[in-house]
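Below you'll find the structure, written out as structure tokens, and then a few comments.
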Amino acid sequence: MPSSLAVAPIPILSDNYAWRLREAETGAVAVVDPADVEAVTAWLEQDGGRLDLVLLTHHHDDHIAGAEEVARRYGARIVGAAQDAHRLPPLDVAVSPGDTVTLGGTTASVIDTPGHTRGHISFFFADGPILFCGDTLFSLGCGRLMEGDAAEMWGSLQRLAQLPDDTLVCCGHEYTQSNARFALTVDPDNRDLQARAEEVASLRALGTPTLPVRLGQERVTNPFLGARDAAALAVLRSGKDSFQ
Ligand code: ZN
Ligand code: FE
1 MPSSLAVAPI
11 PILSDNYAWR
21 LREAETGAVA
31 VVDPADVEAV
41 TAWLEQDGGR
51 LDLVLLTHHH
61 DDHIAGAEEV
71 ARRYGARIVG
81 AAQDAHRLPP
91 LDVAVSPGDT
101 VTLGGTTASV
111 IDTPGHTRGH
121 ISFFFADGPI
131 LFCGDTLFSL
141 GCGRLMEGDA
151 AEMWGSLQRL
161 AQLPDDTLVC
171 CGHEYTQSNA
181 RFALTVDPDN
191 RDLQARAEEV
201 ASLRALGTPT
211 LPVRLGQERV
221 TNPFLGARDA
231 AALAVLRSGK
241 DSFQ
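Residues in the sequence shown are numbered from 1 upward in steps of one, following this note's numbering.
Next up, the structure:
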């Protein structure tokens, strides 16, 4: 029987999300990219004060800064990419694409998602289904190409696009509203996108997160996820880079 998972965003820093995931059968808890010790521990304390795993998607400070301290406080293990072990906090579990990570009665598979950085990984819990994709796929957008190129990012998005429609996409930033403005310039007649942009505007007016979002929703609204090839993605990404 699939185990039941509960996921929630923890807003941190200016526009980042750390994520909290709890597995019901055993009560095991993971956090993803806990870059703010105070905010993340406050959430954990409200909710039983348990932490088993810290999952890291990539080496940027706004994702890893608090990881070591949070893990030490709760005796949790830190999981990150073996390829990036030299620039991540000390890893208890160094993983590679294709590996699995166990949280209580459930497992995540590690997906190779370079493009924003080399060594960027995502975690997919099929029992959710829930995806933690850091700065690879955003709602209505994708991460900047800081170390990788458009071909790598396109390949990463293609891998994520194979996941089920009902996958809850949990990404690293609240960029959805600005992504919506750009997406509407490239796909102005898309009704699904127009509706999502309106929904996003009302959520943000209330200060409510626009995430997680279903992958099936992204499939029909996100121009980056729909890019036909790496060249098309490169055009979109450079358009977004210079978009005001
Ligand atoms: Zn980043
Ligand atoms: Fe980031």
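Ideal Cβ positions, reconstructed from N, Cα and C, are used throughout, including at glycine. Keep in mind it's a predicted model, so treat the numbers as computed, not measured.
>> Alpha carbons only, please: which of Val95, Leu13 and Ser238 is nearest the one belonging to Gly119?
In response: Val95
> If Leu55 and Val32 are in contact, beta carbons under 8 Å, what's the gap, nearest whole angstrom?
Replying inline: 5 Å
>> Using C-beta distances below 8 Å, list every residue in its chain close to Arg159, excluding the 5 sequence neighbours before and after it, in chain order.
In response: Ile111, Asp112 and Thr113
> Which one of Ala232, Arg22, Ala230 and His86 has the shortest CA to CA distance from Phe125?
Replying inline: Arg22
>> Give me the DSSP bridge partner(s) of Cys256.
In response: Residue 256 is absent from the structure shown; the chain starts at 1 and stops at 244.
>> Rounding to the nearest angstrom, what Cα-Cα distance links Ala230 and Asn222 in this structure?
In response: 15 Å
> Residues near the ligand ZN, CB to any non-hydrogen atom under 5 Å, in chain order?
Replying inline: His60 and Asp135
>> Measuring only the C-alpha atoms, how far is Val213 from Val200?
In response: 11 Å
> Under the criterion of a Cβ to heavy atom distance below 8 Å, does Gly172 qualify as lining the ligand HEM?
Replying inline: Judged by which ligands are present, the ligand HEM is missing from the structure shown, whose ligands are the ligand ZN and the ligand FE.
>> Please return the same chain residues whose Cβ sits closer than 8 Å to the Cβ of Leu163, not counting the five positions on each side in sequence.
In response: Phe124, Pro129, Leu131 and Leu215
> Pick from Leu211, Met153, Asp61 and Glu45: whose alpha carbon is nearest that of Val169?
Replying inline: Leu211
> Is Asp84 near the ligand FE, going by C-beta to nearest heavy atom under 8 Å?
Replying inline: no
>> Quick check on Glu295: does DSSP put it in helix, strand or coil?
In response: Here the chain has residues from 1 to 244 only, and residue 295 is not among them.
> By DSSP, does Tyr74 sit in helix, in strand, or in coil?
Replying inline: helix
> In its own chain, which residues sit with a C-beta less than 6 Å from the C-beta of Asp135, not counting the 5 before and 5 after it?
Replying inline: His116, Gly143 and Gly172
> Excluding the five sequence neighbours on either side, which residues of its own chain have a C-beta within less than 8 Å of the C-beta of Glu192, listed in chain order?
Replying inline: One detail in the question is off: residue 192 reads as Asp in this sequence, not Glu. Excluding sequence neighbours, Asp192 sits near Gln217, Val220 and Thr221.
>> Our contact map puts Pro34 next to Gly66 with C-beta atoms below 8 Å; I'd like the distance itself, whole angstroms only.
In response: 5 Å
>> Taking 6 Å as the limit between beta carbons, can you name the residues of its chain near Leu91, skipping five residues before and five after?
In response: Ile78, Gly80 and Ala85
> Buried or exposed: where does Pro42 fall if 16 or more other Cβ atoms within 10 Å of its Cβ makes it buried?
Replying inline: In the sequence as displayed, the identity of residue 42 is Ala instead of Pro. It counts as exposed.
>> Does Ser156 pass the burial test, meaning 16 or more other C-beta atoms within 10 Å, or should it be called exposed?
In response: buried
> Across which residues does DSSP place Asp112 in a beta bridge pair?
Replying inline: Ile121
> Is Asp165 near the ligand FE, going by C-beta to nearest heavy atom under 8 Å?
Replying inline: no
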